[in-house]
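First up is the structure itself, then whatever we jot down about it.
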Amino acid sequence: GDEAQVGVQREGAIEGLRRELSAEVARMTGLAEQVQQAVAQEALTRDDVLAAASRSWKTGIAKAAEELRALVRAETTTREEFQFRLDQQVMELRGSLHEVRSIGDQREDEVFERLKAAAEAL
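So the sequence shown is numbered by this note's numbering: it starts at 1186 and just counts up by one.
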């Protein structure tokens, strides 16, 4: 009797351990799946962050390039305007120089004529 009772108790204990082990395996499997899901979610999040950073970087580079092109165009326009004004000033200066030379030549002729007239009057 006692041995049979001990055998039944052992079988009950073994069955209880089997149930506990089964429950622990199920719990661990669930935890492993949760960890896998968390890792997959983290990978997706990191991919999204990297993609957003990459788009932002590309947008920033494109904007900087456009700003540089605009600055170069503005500088080119400024240089062309400066060159145009400089050319106008050079032409005006040449015209003024020609006028000064003409006036100088005219005065020289007038002085020569006066001296000639004065010399003839003597």
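Heads up, the beta-carbon is just placed ideally off N, CA and C, and yes, glycines get one too.
Only a predicted model underlies this, so the values are computations on that prediction, with no experimental measurement involved.
Query, Result
"Tell me where the alpha helix (DSSP H) around L1307 begins and ends.", "Neither: L1307 is in no alpha helix (DSSP H) and is coded neither H nor E."
"Under 7 Å, Cβ to Cβ, is there at least one residue of chain D near D1294?", "In the displayed structure, chain D is absent; only one protein chain is listed."
"Once DSSP output is grouped into helix, strand and coil, what is the label at G1201?", "helix"
"How is G1186 classed by DSSP in three states: helix, strand or coil?", "coil"
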